[in-house]
Amino acid sequence: SHKSSKREWKPLEDHSCTDVPWLLLFIVFCIGMGFICGFSIATGAAARLLSGYDSYGNICGQKNVKVEGIVNSGLDLTHKKYVFFLDPCNIDLVHQKIKSIALCVSACPRKELKTLADIQKFAETNGSTLCSYELQPSEYTTDPRAAKLCPKYPVPESAPIPFFHRCAPVNISCYAKFAEALITFVSDSSVLHRLISGVMTSKEIIMGLCLLSLVLSMILMVIIRYISRVLVWILTILVILGSLGGTGVLWWLYAKQRISAGALETQIAKDNLQALLIYAIAATVFTVILFLIMLVMRKRVALTIALFHVAGKVFIHLPLLVFQPFWTFFVLILFWTYWITVLLFLGTTGKHPVPNEEGFVEFRMAGPLKYMWWYHVVGLIWISEFILACQQMTVAGAVVTYYFTREKRNLPFTPILASVNRLVCYHLGTVAKGSFIITLVKIPRMILMYIHTQLKGKENACARCMLKACICCLWCLEKCLTYLNQNAYTATAINSTNFCTSAKDAFVILVENALRVAAINTVGDFMLFLGKVLIVCSTGLAGIMLLNYQRDYTIWVLPLIIVCLFAFLVAHCFLSIYEMVVDVLFLCFAIDTKYNDGSPGREFYMDKVLMEFVENSRKSMKEAGRGGGAEGRELKPMVGADEE
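Take the sequence shown: its position 561, counted from the start at 1, is 561 in the UniProt record's numbering, and no numbers get skipped.
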C-alpha cells in the first residue's frame, strides 16, 4: 500500500539546490537596495543629514554654491557648524517636520535667553548670531524686522545632538505638544519627569529583572518536558471549571430572576429573563460541545505531550538551538539600523533645491526617484521575512537531522552549523520564495491599515468595517501561510525539493493528520502561552518585591511595564523556537508513521516516548475490534533510538 504513485520521502539522502531563479531574483533585489543607499549618499544626502542645512539651502560647516532666486544662499559657513531652529517646538505632526526657520550658528545657547537684549549679548560674547543672516548683532534691539527674523523668546537652553549637529532644547517639556499627540495621559510634564526619573533611578533593578527573565526562559525550556503533562491537566481542569462555573452562574441568575420576577410583571423584567435564558442555553451548548471536543481530543493530547517531551530531548542534544533567537534578533537589528539610516538619507536626497511658498529651500526628489522609497519599504518587509525564514529553515534542518539519525551518537558535531551550511549551499532560493509570498500578503494589509488610519476622522462606518474585515482576512491568510511555509521548509530540509513541491507534500501530510494538527496547535499553543504567563508573572512579582522600597507608586508603573514587556518578548522568542521544534517534530513523526510500520527494513526513526504513544494507540485500536494482523504487530524500537 505504501508503494503508491506518490514520491517516497527520502530523509537526508541527497542534497540538491532548490529554487535557484528565486535566489537570483533576491540577489538582484538586494543589489537594488544597495543602489538606493549609494545613490542617496552620492546626491549629497549624507552630508545634509549629518551636517544639517539651513532654510536657505546652505549646508552648515562648509562653503556653499549660490542657488538661483534664493536670498542668503551660497554663504561660507565653515565656522557655523550647528543648525539652530528659531521656533524648535513648532512641530508639524502631519508632515513630520519642524515648522521653523533654521539657521547655521557657531554655538548653541547653553542657558535660557529671555529677551532680545540677552540674544544680542550672547551674540557679542560668544560670537554666535541666533538671528537671521541679514541682521547684524547691533541691530537686534533696534531693527523692526527682528520680531520675524529672531528666535521666539524665551530661547530655551539647548545642546547639540551628538553626530547630527542640531541644537535641541534640553528640557523635554518643550515637546509636550508633540508628546500629547502620542501620549494623551501625560498631561503635565511633572508626571513625565517623575516617570523618567523613576526609570533612571531603578535602572540596575530593570537590568537585573531583564536578566532574570532570560534565565527563567532558559530554565523553562529545559523543564517544560517534565511539566508538560501537569500543564495539560491544569489546562483541562481550568477549562472544565471555567465552562461549568460560567454555565452554573447563568442558570442560577436565571432562576433567581425567575423567582423575583414573579412579583414584577414588567416588560423589562420579561426581556431580561428571556435574555438570561438564551445566554444560559448558549453556555450549556458551548460546554457540551467543549466536553465532546475534549473527549475526541483525549488521545491526541497524549501525542502533544509526547512531542513536547521529545522536543525537550532535542534541546539537550542541540543546546545551541536555545541561542537561535539571539543571533536572528541581532541580524534583524543590524538590518533595521541600516534601513533607517538609508530612509533618513532618502528624506534629504534630491539634487534640486526648490523654493517653497515662504521663500525657503526644500530638497525634493525629481521624477521617478520619488518611488525609490516604496522599493525601500518592500525591501524592509522582504528582507526581514527572509531573515526570519532563515531561522525557521535552520531550526527545521537541525531537528530533521536529529530525528532521522538512527544512532544519536552519529549526529554531526553541531547539527545547527551543519544545517546553516546546508541552508547557505542549497536552500536560500526556497527561503527567498517563501518570504516573498508572505511579503505579498503583508504589503496589501499594510496599505489597507494605512487607509484605515487615514479614514479615522471621516466617519464612514460601512467603509471602515469592510476595511477591518479585509485586514482581518489578510492577517488570517498570513498566519496560515506562515504555518504552511514552516512545514514546507521542513519538507525541503528532508527531501531537498523546491518550495512548491515541498509545500504540496507537507500540505497533504497535514490534511491527513488534521485532527492531530488541531490538537497540537490548540493544546501546545496554550501550554506555551501558560509558560509565557508564568515567566511574565514571576518577573513582575520579583519586580514588585524589589521596587517596593520606593514608596512613590507612580514611579513603579514604567519600570514594571518595561520589565514585563521585556520578559514577554524574551519568553516569546524562546518559546516560539520551542513551538517550531514541536511543529517540525510533528511533521517528521507523521512522515515516519506513514511510510514505516516497525517491520524489519521499515523500522521507525522515532524516539521511544513517541513509540509508546504509537503502541498505546494501536492497542486501543485493537481493543476496539479494528486491529488487523499487521496492525497488532509488536513494535521493536531500533537499537540506539532510545539513547538519552
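We put the beta carbon where it would ideally sit given N, CA and C, even for glycine.
Contacts around residue i, its chain only, beta-carbon distance under 8 Å, and the 5 residues preceding and following it disregarded
{"i": "R516", "result": "R300, L303, F586, A590"}
{"i": "M218", "result": "V322, F574"}
{"i": "L344", "result": "L49"}
{"i": "I562", "result": "V199, I206"}
{"i": "A29", "result": "The identity of residue 29 in the sequence shown is Phe, whereas the question assumes Ala. For F29, where only same-chain residues beyond five positions count, the Cβ hits under 8 Å are G379, W382."}
{"i": "P160", "result": "Y82, C108, R166, C167, A168"}
{"i": "L273", "result": "Y254, Q257, R258, A261"}
{"i": "V20", "result": "G429"}
{"i": "E579", "result": "G524, D525, L528"}
{"i": "L307", "result": "I520, G524, V582, L585, F586, F589, L610"}
Residue i - DSSP class collapsed to helix/strand/coil
{"i": "K81", "result": "coil"}
{"i": "Q76", "result": "Residue 76 is actually Asp in this sequence, not Gln. Strand, per DSSP."}
{"i": "P162", "result": "coil"}
{"i": "K63", "result": "strand"}
{"i": "Y450", "result": "helix"}
{"i": "C104", "result": "strand"}
{"i": "V155", "result": "strand"}
{"i": "C89", "result": "coil"}
{"i": "K238", "result": "For the sequence presented, residue 238 should be read as Leu rather than Lys. L238: helix per DSSP, three-state reduction."}
{"i": "C17", "result": "coil"}
{"i": "A641", "result": "Low per-residue confidence applies at A641: pLDDT is 40, beneath 50, and the placement is therefore not dependable, though the value from the model is reported in the following sentence. Three-state result, A641: coil."}
{"i": "L209", "result": "helix"}
{"i": "C167", "result": "strand"}
{"i": "L481", "result": "helix"}
{"i": "L231", "result": "helix"}
{"i": "L23", "result": "helix"}
Residue i classed as buried or exposed, judged by whether at least 16 other C-beta atoms fall within 10 angstroms
{"i": "Y226", "result": "exposed"}
{"i": "R258", "result": "exposed"}
{"i": "L292", "result": "exposed"}
{"i": "I223", "result": "exposed"}
{"i": "T18", "result": "buried"}
{"i": "H15", "result": "exposed"}
{"i": "H572", "result": "buried"}
{"i": "K433", "result": "buried"}
{"i": "L113", "result": "buried"}
{"i": "E124", "result": "exposed"}
{"i": "A42", "result": "exposed"}
{"i": "H309", "result": "buried"}
{"i": "H376", "result": "buried"}
{"i": "P144", "result": "exposed"}
{"i": "D271", "result": "exposed"}
{"i": "A275", "result": "exposed"}
{"i": "T142", "result": "exposed"}
{"i": "V361", "result": "buried"}
{"i": "C537", "result": "exposed"}
{"i": "L334", "result": "exposed"}
{"i": "Y605", "result": "buried"}
{"i": "W9", "result": "buried"}
{"i": "G34", "result": "exposed"}
Expected contact under 8 Å - CB spacing of residue i and residue j to nearest Å
{"i": "S128", "j": "I101", "result": "Not really, about 16 Å apart at Cβ, beyond 8 Å."}
{"i": "N90", "j": "L77", "result": "At roughly 23 Å, the Cβ-Cβ gap does not stay under 8 Å, so N90 and L77 are not in contact."}
{"i": "Y588", "j": "Y403", "result": "Here the sequence assigns Cys to residue 588, which means Tyr is not the residue at that position. Correct: roughly 4 Å between the Cβ atoms."}
{"i": "A146", "j": "L116", "result": "6 Å"}
{"i": "D607", "j": "K313", "result": "7 Å"}
{"i": "E478", "j": "V424", "result": "So it is not a contact: roughly 27 Å between Cβ atoms."}
{"i": "E157", "j": "P109", "result": "7 Å"}
{"i": "N64", "j": "E134", "result": "With 8 Å as the limit, N64 and E134 do not qualify as a contact, their Cβ atoms being about 16 Å apart."}
{"i": "T401", "j": "A418", "result": "7 Å"}
{"i": "F84", "j": "V105", "result": "4 Å"}
{"i": "L220", "j": "I438", "result": "Not a contact, Cβ separation roughly 29 Å."}
Cβ-based neighbour list, residue i, same chain, cut-off 6 Å, excluding 5 preceding and 5 following
{"i": "T287", "result": "S243, T247"}
{"i": "A491", "result": "S502, D505, A506"}
{"i": "F185", "result": "With a pLDDT of 46 at F185, under the threshold of 50, the predicted position of this residue should be treated as unreliable, though the coordinate-derived value follows. Contacts found: none."}
{"i": "R602", "result": "N596"}
{"i": "I509", "result": "A590"}
{"i": "V420", "result": "T394"}
{"i": "E13", "result": "none"}
{"i": "G540", "result": "C564"}
9 Å Cβ cutoff, residue i in contact with chain C
{"i": "L546", "result": "Structure shown: chain C not included; a single protein chain is present."}
Beta-carbon proximity list for residue i, same chain, < 7 Å, skipping 5 on both sides
{"i": "F566", "result": "C210, S213"}
{"i": "M545", "result": "none"}
{"i": "Q391", "result": "Q324, T328"}
Closer than 8 Å: residue i CB and nearest the ligand FMN heavy atom
{"i": "A168", "result": "In terms of ligand content, the structure shown is empty, and the ligand FMN therefore cannot be addressed."}
- Can you check the region 309-380 for any alpha helix (DSSP H) of at least 4 residues that lies completely inside it and give the ranges in chain order? 324-347
- Runs of alpha helix (DSSP H) wholly within the region 532-599 (minimum 4 residues, chain order): 553-595
- Query: Curious, which full-length beta strand (DSSP E) runs of at least 3 residues does the region 380-406 contain?
  - Reply: none
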